Structures are given as structure tokens and as C-alpha cells.
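Number 28 in the numbering used here belongs to position 42 of the sequence shown; there are no gaps in the numbering.
Presented below is the structure to which this report refers.
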Amino acid sequence: MKKKLLLELIVFVLVFISVNTNGQTFNGKKASLDKEGSIKIENILLPVSNKEMTNSYEMLPGFPIGEPADPSFKNFRGAAIADIDGDSAQEIIFGAYNKLFAVKGNGEILWSKEVSGTIIYPPSIADMNQDGNLEIVVNTGGMPYAGRVYLLDSQGNDLAGWPKNFNEHWMFNAPAISDIDNDGFMEIVTCERVTSTSNFLHVIKIDGNPLNDNWPVEFPGPLAFTPSIGDIDANGTIDIVCSISAALYAISIDGNVMNGFPLADTNKKLSYQSPILADIDGDEKLDIIGSRHGDSSDYYVVKSNGTYMNGWPIVSEGWRYSPPTVVDSDNDGKYEIYVGHPNVDYDGIPLNVIYGFTPQGTSLPGFPIKKYGGCEGVISVADINNDGIMDIIFTSNIADSLYNGYIHAYSLDGSGELSGFPLRTRGLTFLSSALLGDINNDGMLDLSTLSYTQFTDNDSIFLSAYNLGVPFDKSKILFNGYKGNNLRNGLLKDFNLGISQIDKTENKTLQIYPNPVTNNSIVIFNLSESSDVKLSVYNINGQLVSLLIDKNMDIGIYQFNWSVTDNSGKKLDAGIYLMKLQTNNSIKILKIIVD
């Protein structure tokens, strides 16, 4: 391992003496994706302007970190960033080959977890059982198949009943997280790849069981992207947007295909370009925003009834795998849509690479951005130079001949690339993303990214982290990494909710005294309107242990004694429990500690 990394560093130094063949161009690489999901590399000539290797921003001490990579499959969409150990500093969690790593801001490996199969997509992270601690979900797969769905605690340990193994099949794309059934606990939505004609969409509860008897749902083709989750038709229940290669589906909570779907076009294909769900036309229903490749490639906005929004789709030639980014980047109350394109011209001419659209499908001022080297990775949006104007940060499908890649940042005021960019990473950034946060808790904004080399028999994955030299302000990060946040559910209204969709109620709607509790407690709650009320207690595995109230109740403040027992009258064992107050219009969750 050490010899391999030493060889990589030697190669890294050699870039400074690489040959400029004719004064105008130099040798480089272009990456693309084949139909099996493997990365293909071809040799090209790059403009000499792409050769500069000097980084204006300081690499954080302890970085870059190098780990062995699968020779066929690399990490497609980057890493995750979250404070998983509660020390106020964010950790970087990423997969390399058959290991999941949690890395501190000083480059120290907090823990690593060996898994079955290869980790290709970033993990998803949430407080799944509302116990105040983060859990980590990650899929594996590869060839030959050895796939699993892992649910880990914040120390990298398997939760009881996990991982889930579906006949060794490849669990494709990233897992998405959402409270599908509105019970206060998160479910995992994930795709099982079986054959070219039979594949399954799963909704799995945290105890490892299917959501209900309707799941999993079988599809007549390989499921093509990470599902997106939201109530698209505003009927009060959650829906799941997924796809096979040539058709876009919307599935209701009972596993049925929704009216108007699937939306199919044999000339257009869906793979890897996971959509975003947002109400961009103001009709209080969610629209599906995405892109497609194939013989008639386009960018699309589809309404909840399966029809295209006026002005869409927008045809754009060439195959692409870039997912969309949807934000209100200028704070005018209207969404902007940003998408990438893999354009690379072999004569060194800048081409359209980043498109920006209004909800009506017209181009934003200053778009498309023309540059050399295309983008099929994730576009993050943040104010990274603290000038009060949002910037877009994205990766590239080109590298120099020794696999030194690029991270670009352009201001949304149309002034071009930010001073100090592009960053030059060790390794190709194709299909990856840039993550923004404060990983060393020094109050300054950091940028981290995954990159990799592709030498056939001696590949590495690299994790780099840079100090951007401006104060860290979470409010200035609008869209961060794959699908915008760690839930990977693609639901725009969740982006500022952090790790959970559930209100943990720091107000006085639901209270228990004392807490921690040993034998007896007083429970207090208030109702602002008459409602059906269900008050229940769950263990941290999401299992109901005590149903306290299940009836219609009038407006008022209620107080009663609870003896801290389960439904059979047995005293609860010591541990963490969750009390849930569910009314017609809300759910309140309260953590209880039983001594």
C-alpha cells in the first residue's frame, strides 16, 4: 500500500515536467462511461491553458488521502459530509473499493468498515430512528455481484438485522431516505438490479422489513437512477420517482404506478441523472426536473400528471449523465435550473458545458458557460468567496496525461471563473462532486472532493480538502453534493432541514417529566384543534412498545401519568425510546431516556 501511494506521488510530481508538444497543446485524457458503468479513457490533446498546476488554495494538513480503487468501478458521485461523532466538526464519509471510511478534518481516519462488494455511490446519512444520533446507509454491488444494503451506526457498526442481502444482487445507485409512511421513522428506498428484464424497487423499514406487503415492486428493466421521493400530486401521501432506461415512473405508497406514468420515449434514455423534485411553477404540486441521453438527448421538466411543462423538454445533442441542480440562486423567489454537458472539442475550442434555465425553459443571463472540458458530475451552489453572489462549483471529464483533474468554480454574476480556480486535484474528477463545509471546526469554509486514477492494474482513489479562506456560513450553501443533501431524496424543500424531516419539537407541544425517567412520569401535550390523536412509544428499532392514546380529542391541554410500561404492563428496559404524538396535521417526536 505504501509503495503504491509513493509511486502515485512520484507520478504527481512528474506533471510539472510534462511535455508541451507544440506550444499550443499538451497530452491529456478524456473520460466517458460505457453501458456497463465502467469508465473509459481516451487520449486527447488539451489546450496549453489547461496545463497550469499551481493551486491558489491551501490543502488542509493530512490531505490528500489515497486508498486502493476497484480497477473497473470508481465512486460516481463523490462523498458525504456530516458531523457523525458530535464534536461540531464535519467528517467526510466515502467509499473506496470494498471499504467505507469516515475521515476527520486533520486527515485522520476515524473508522473504516469493510463491506461485501464495491462501493460506487456516496452514502446517505440521517437520524433514522430519531434517537439523536446519525445513521449511515450505503449500497454495494459490482461484477461479479456481491451487493448489500448496509445500515450503520455513527461508529460504523451494523445495526441489528443488517446488512440486507438480496441474492447477492447489485444494489444499484445510492439509497434514498425518507419517512415514507409518516410514522416518524425513516425508510430506505433502493434499487435491486437482477436481469435486463426483471428488477426491483425496495422500500425498507429500519428493522429490515419491507414497508408493507406491496413492496418490493418489480420493473421490466434495470432501474436507472437513485429514486427521488416526495408528495408530487399533493394528496397527502409520499410518492417515489424512479425509472428504467427508456421510461420515467411515479409510484404511489401502495406500489402502484400513478396516473400519467410511465412517461416513455424510445429515443431518450435515463441513467444516473437522478431528478430533483420541486414546485417550480407555483401550482403547489412537485415537478420532476432531470435530463436524458440517447439519440434525442434533452433536459426535461415533467408535471405530476406525467405531462411536460410548457417550454420543456429542451433538446441538446450528445449523451450526458449530469444530474440537475435546482436552487433559488439569486433569492428572487424563483428557482433556477443548472445542468452539465460532456462537451469536449478535440480542436481545443471552448464549447457549451453548463446550462442555466428559468422555470419556463429560457436561458439564464450569462448561460450557457463555454469552456474546455465537459461536466457530467454534480453542480454544487454556494457563495465560496464571500462576495454575496452565489457560485457554481463542478467537476470535469478531462485530466492531464498523468491523471491530474479539475474542480471549477464560476460566479453566477457572469464574470467567469473565480480567482484561484480551477483547483488541480490528484486524480480525475469525472462524475464526482465538490462538497462544502467546515471539516476541521476552525470556522473557515473547506472544499473536499474525491478523485481517482485509472491505470488498469494500479488504481487509487484520493480524498482532497482545501481551505477556501472565507468564514464558514451554512446559509450560503444552497446545494451541496449529490442530489443536494445527505438524504439523497431529491426533494428540494428538504435541503435546509439537515438530517431529518421530522420536527423534534423544542416547543412545548409534547413534554415528559422527569426525563430521564425511572418508574413514573407525567406526560403533557396540547392540541390547538380537535383531532384524531395517537400517542405511542417506540424503541430505537422503530417497534411499537406502548400505545397510550388512540382516539379523537378536543382542543385543550392534557396531562396524565404514565408508569413507563409496555402494552403488556411490563416495565420498559433501560435505554432510549421515542414518544410520538400524531394528530391530523402534525407529528411530534420526543426522545425518552429510561434509567
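Cβ coordinates follow ideal geometry from the N, Cα and C atoms, glycine included.
Treat the numbers as computed from the prediction; the structure is a model and nothing was measured.
The beta strand (DSSP E) enclosing residue i, as first and last residue numbers
i: H188; result: 185 to 190
i: V34; result: No beta strand (DSSP E) contains V34, which DSSP labels as neither H nor E.
i: Y389; result: Y389 -> no beta strand (DSSP E), and no H or E assigned at all.
i: P213; result: No beta strand (DSSP E) contains P213, which DSSP labels as neither H nor E.
i: V330; result: V330 -> no beta strand (DSSP E), and no H or E assigned at all.
i: L567; result: 561 to 568
i: E94; result: Here E94 belongs to no beta strand (DSSP E), and DSSP marks it neither H nor E.
i: M430; result: 430 to 438
i: D377; result: 377 to 381
i: I498; result: 496 to 499
i: I174; result: 173 to 179
i: K357; result: 355 to 357
i: L588; result: Because the chain here runs from -13 to 581, residue 588 falls outside it and cannot be looked at.
i: A146; result: Premise fails: A146 is in no beta strand (DSSP E) and is neither H nor E.
i: T311; result: 311 to 313
Whole-angstrom C-beta distance between residue j and residue i, which should lie under 8 Å
i: Y324; j: I340; result: 6 Å
i: V367; j: S315; result: 6 Å
i: F416; j: A75; result: Between A75 and F416 the Cβ distance is about 29 Å, and since that is not below 8 Å, they are no contact.
i: N153; j: T212; result: N153 to T212, Cβ: 21 Å. No contact.
CB contact flag (residue i, residue j, <8 Å)
i: L513; j: N41; result: no
i: I575; j: Q116; result: yes
i: G582; j: K255; result: Because the chain here runs from -13 to 581, residue 582 falls outside it and cannot be looked at.
i: K271; j: I218; result: yes
i: I105; j: G72; result: no
i: N466; j: L422; result: yes
i: I230; j: P345; result: no
i: I171; j: L187; result: Just to set this straight, residue 171 is Phe in the shown sequence, not Ile. No, the pair does not count as a contact, with Cβ atoms beyond the cut-off.
i: V313; j: W298; result: no
i: S446; j: T411; result: no
i: A65; j: I79; result: yes
i: A132; j: S102; result: yes
i: K15; j: A420; result: no
i: G334; j: P33; result: yes
i: I163; j: S110; result: yes
i: I378; j: L398; result: yes
i: P161; j: G476; result: no
Three-state secondary structure assigned by DSSP to residue i
i: Y468; result: helix
i: L478; result: helix
i: S517; result: strand
i: S58; result: coil
i: S42; result: coil
i: S461; result: helix
i: W156; result: strand
i: I239; result: coil
i: V339; result: strand
i: K574; result: strand
i: W548; result: strand
i: F87; result: strand
i: F80; result: strand
i: Q487; result: Note that Q487 has pLDDT 32, beneath the 50 cutoff, so the model's placement of it is unreliable and the number below is only indicative. It is coil, neither helix nor strand.
i: N8; result: Its pLDDT being 44, under 50, N8 is placed unreliably in this model, and the coordinates cannot settle the point.
i: L534; result: strand
i: N525; result: strand
i: D284; result: strand
i: C228; result: strand
i: M539; result: strand
i: I163; result: strand
i: A132; result: coil
i: F511; result: strand
i: N29; result: strand
i: V(-3); result: Note that V(-3) scores 43 on pLDDT, short of 50, meaning its location in the model is unreliable; the coordinates nonetheless yield the value given after this. Here V(-3) sits in helix by DSSP.
i: Y324; result: strand
i: T104; result: strand
Identity of the residue in the options nearest residue i by Cα
i: N501; options: P457, K469, Y563, L533; result: Y563
i: G413; options: L436, P208, E403; result: L436
i: Y43; options: Y235, A75, S405; result: S405
i: D552; options: V531, I535, G467, N538; result: V531
i: K557; options: N505, A233, D518, T212; result: N505
i: L145; options: V123, I166, S164; result: V123
i: N221; options: S238, S554, N296; result: S238
i: N185; options: F343, D318, N36, A210; result: A210
i: D167; options: Q346, D240, S434, R179; result: D240
i: D284; options: S308, L263, D269; result: S308
i: G251; options: I262, Y294, S214; result: According to the sequence as given, residue 251 is Asp; it is not Gly. D251 has its Cα closest to that of Y294, out of I262, Y294, S214.
i: G662; options: N296, V180, N92, N119; result: A question about residue 662 goes unanswered here, because the residues of the chain that appear run from -13 up to 581.
i: F247; options: G268, N296, I190, N291; result: N291
i: M376; options: F353, I535, I463; result: I463
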